[in-house]
Amino acid sequence: MCGIVGYLGGTKDPKEVIINGLKKLEYRGYDSAGVAIWNGKNFQRIRAAGKLKELEKQTTDLSFQGVVGIGHTRWATHGAPSERNAHPHQSGDITLVHNGIIENYLEIKEFLKSQEVYPSSDTDSELVAHLIRLQLQKTPHFLQAVREVRPLLKGAFALLVVCDRFPDEMIALKEGPPLVVGLGTNENFVASDVQALLSHTQRFVFLEDQEMAHLKGTHIDFYNSEGQKQTPVVQTLNWSPDLVEKQGFPHFMLKEIHEQPRAVAAAIEPHIHLETLSVKLKNVNFSHQTPRLHSTDKTDQTTEELFHDIERVFIVACGTSFYAAQVAKYYIEQIAKLPVETDIASEFRYRHPVVPPKSLFLVISQSGETADTLAALRLAKQLGATTMSLCNVKNSSIDREAHGHLYMNSGPEIGVASTKAFVSSLAVLNLFALALAKAKGVLSQSQEQEHVQALLSAPSQMEVVLAYDKYFNEAAHRLKLFKGFLFMGRGVSYPIAMEGALKLKELAYLHAEGYASGEMKHGPLALIDERIVVVMIAPQDEVYEKSISNLEEARARGGKVWLLTNGEASPFKTTTEAFLHLPKAHWAITPLLSVVPLQLLAYHLACALDHDVDQPRNLAKSVTVE
Ligand code: G6P
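Residues in the sequence shown are numbered consecutively from 596, following the numbering used here.
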């Protein structure tokens, strides 16, 4: 995880560029932070344990005489969060920052011991700095030394290296975690993510695994995995820097919750034909390496032909994206009549899965960089599956490696707890299910039109539900006194119950469980007493009556029941602790609506408990290590 920023060149103050860049990357980790900036003699290092603001305090009065520097915000893997373990790490005249894990660190440590080199931190990263310094004793070339060290490292790493002897140079190398080079005018940048650089440039080169960039003065050489110079593919993004600002909201998370109606509209827009209310997935662009499923000799299958031949769907993801996958199982099985298996990526990749021929394997990842999801995708490809990704970040590793592509289109999501990317995923997954159903010939035109119409109404219905912001702002002080929360739902509301519980754990650090309502009698009922809040998500659907029976069972045992429903209010207004009304909607749209109050509940509870909402303890947004 961790965030990296580097600056080399022009007229800007490197301290400003790096620290402002790190602010945009703090979602990747916030255990410690550090910078190393050229001061005319060497790379001067300043590090601080804790969040970036601690580093800012230490650097406020410092100025530097150079225009080159590197910086890092850390999510601890090897070594506790402390100043000693904070990056940059140094060995003699070598200074570097690292994102990832060096798996063979014990072996390297032994080797360094044989050379009488003893690290001063507990990190795996520092060892790399020592290896490069030793190598630089054998070759006078900085690039050559880094290149020769690289095969000695096993694991996942993105590295940015500078050296006192070559103060106008910087070497970036990627083997796993993301690294992007930002191209400026007479200045260049490197970062873990474009968000750190959007205020400086819109032109980027995304490094592929095993590629390197050698920045020297205002020039950059790019090298492929064989070490040969290559012409870079420059991509221009049209993300405005405003998108990564809070725009008046106290937290990114609240801003992103309020952006959800717009995010859903942007997610569905490319795939819907408004006049006919029909669906056609755009720009899926299955690559030429896609395994051929169609029985004819055609080399280029259309998405529809490919979908027609699919017999089973796998959906794999982590965290909130996994709950989107679970909602999609209900969509696809009911709408497209195809069997669906869902799995957590870290389970899928190690359970020796069986992926039959004619399987479509979809991975969902906001960041497109989650290490387990990427590994699951690679495994599915090895097993011969046709793969697709649903990502928010275009050109992320998962987006690049999948055969076919779908996008959430939410714009940058900064809050560590995912919100708008989740609802955008659900919106796209509705369309995915419809597209599969059409290709399979199991969807009538009227069903399609009714569903598309319902989806088009979702953004305005979400606006209505956002009014609960004020309600939870007030209720949070009451709710924080309870000892635990039980979220219950059936059908599509079951994964929403789990997402509600996850949000509360992530942000409020309170005990919360998400359960299928039908399982209540098999354990959770024992938890219920007057100090437990039961949040029942029960839209009026085919299992509505059953959910209401579960509600009564919880109430009979003294549970404080909060009901979220679009059903009749009158029977429950007086019998429940709180009655939260949702707009009437198509069954497949209800998850997009019912999740919003749950996000607001977690957000306001966390604020009432004085927690850092955008940076919950021990978590990071982009989990690029196992
Ligand atoms: C982390 C984040 C979650 C996110 C999960 C999967 O745990 O804190 O918010 O849902 O990773 O991330 P992805 O980028 O793959 O969707």
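Ideal placement from N, C-alpha and C gives every residue a C-beta, glycine not left out.
Boundaries of the alpha helix (DSSP H) in which residue i is found, first to last residue
i: residue 1226; result: Residue coverage of the chain in this structure runs from 596 to 1221, which leaves residue 1226 outside it and unanswerable.
i: residue 1045; result: 1040-1060
i: residue 769; result: Where residue 769 is concerned, there is no enclosing alpha helix (DSSP H), although the beta strand (DSSP E) it sits in stretches over 761-770.
i: residue 898; result: 898-904
i: residue 863; result: 855-863
i: residue 1088; result: 1088-1103
i: residue 656; result: Run containing residue 656: none; DSSP gives neither H nor E here.
i: residue 703; result: 700-709
i: residue 1020; result: 1015-1035
i: residue 1188; result: 1185-1203
Proximity to residue i [Cα-Cα], best of the options
i: residue 840; options: 884, 1152 and 791; result: 791
i: residue 808; options: 774, 766 and 848; result: 766
i: residue 805; options: 825, 1187 and 667; result: 825
i: residue 1004; options: 939, 1018, 1157 and 995; result: 1018
i: residue 692; options: 659, 627 and 1001; result: 627
i: residue 955; options: 733, 900 and 1144; result: 900
i: residue 727; options: 739, 1026, 716 and 775; result: 739
i: residue 1047; options: 1182, 921 and 1125; result: 1182
i: residue 1194; options: 1045, 944 and 1010; result: 1010
i: residue 858; options: 1007, 928, 924 and 782; result: 1007
i: residue 1136; options: 1129, 1163, 769 and 1125; result: 1163
i: residue 1188; options: 950, 1015 and 698; result: 1015
i: residue 862; options: 737, 981, 878 and 1020; result: 1020
i: residue 903; options: 1168, 1031 and 634; result: 1031
i: residue 1160; options: 1174, 717 and 642; result: 1174
i: residue 801; options: 783, 774, 822 and 779; result: 774
i: residue 713; options: 725, 690 and 828; result: 725
i: residue 1060; options: 1184, 996 and 764; result: 1184
i: residue 666; options: 674, 643 and 688; result: 643
i: residue 1208; options: 905, 958, 1013 and 911; result: 1013
i: residue 832; options: 846, 867, 788 and 601; result: 788
Residue i: CB within 7 Å of a non-hydrogen atom of ligand 1
i: residue 961; result: yes
i: residue 543; result: Residue 543 lies beyond the range of the chain shown here (596 to 1221); nothing can be said about it.
i: residue 624; result: no
i: residue 1012; result: yes
i: residue 912; result: yes
i: residue 1218; result: yes
i: residue 915; result: yes
i: residue 965; result: yes
i: residue 1026; result: no
i: residue 1214; result: yes
Identified DSSP bridge partners for residue i
i: residue 829; result: In DSSP, residue 829 forms no bridge with anything.
i: residue 1110; result: 1083
i: residue 778; result: 783
i: residue 868; result: 873
i: residue 939; result: 912
i: residue 1238; result: Outside the shown range of the chain (596 to 1221) lies residue 1238, about which nothing can therefore be said.
i: residue 816; result: 809
i: residue 798; result: 831
i: residue 957; result: 910 and 983
i: residue 733; result: Looking at the DSSP assignment, residue 733 forms no beta bridge with any residue, so it has no partner.
i: residue 824; result: 818
Segment limits, beta strand (DSSP E) that includes residue i
i: residue 1219; result: Here residue 1219 belongs to no beta strand (DSSP E), and DSSP marks it neither H nor E.
i: residue 911; result: 907-912
i: residue 640; result: 638-644
i: residue 982; result: 981-986
i: residue 669; result: 663-669
i: residue 628; result: 627-633
i: residue 811; result: 807-811
i: residue 1130; result: 1127-1132
Three-state secondary structure (DSSP) of residue i
i: residue 752; result: strand
i: residue 873; result: strand
i: residue 688; result: coil
i: residue 1155; result: strand
i: residue 1163; result: coil
i: residue 999; result: strand
i: residue 728; result: helix
i: residue 675; result: coil
i: residue 1175; result: strand
i: residue 600; result: strand
i: residue 932; result: coil
i: residue 1139; result: helix
Residue-chain proximity (residue i, chain B), Cβ-Cβ < 8 Å
i: residue 896; result: Of the chains in the structure shown, none is chain B; there is only one protein chain.
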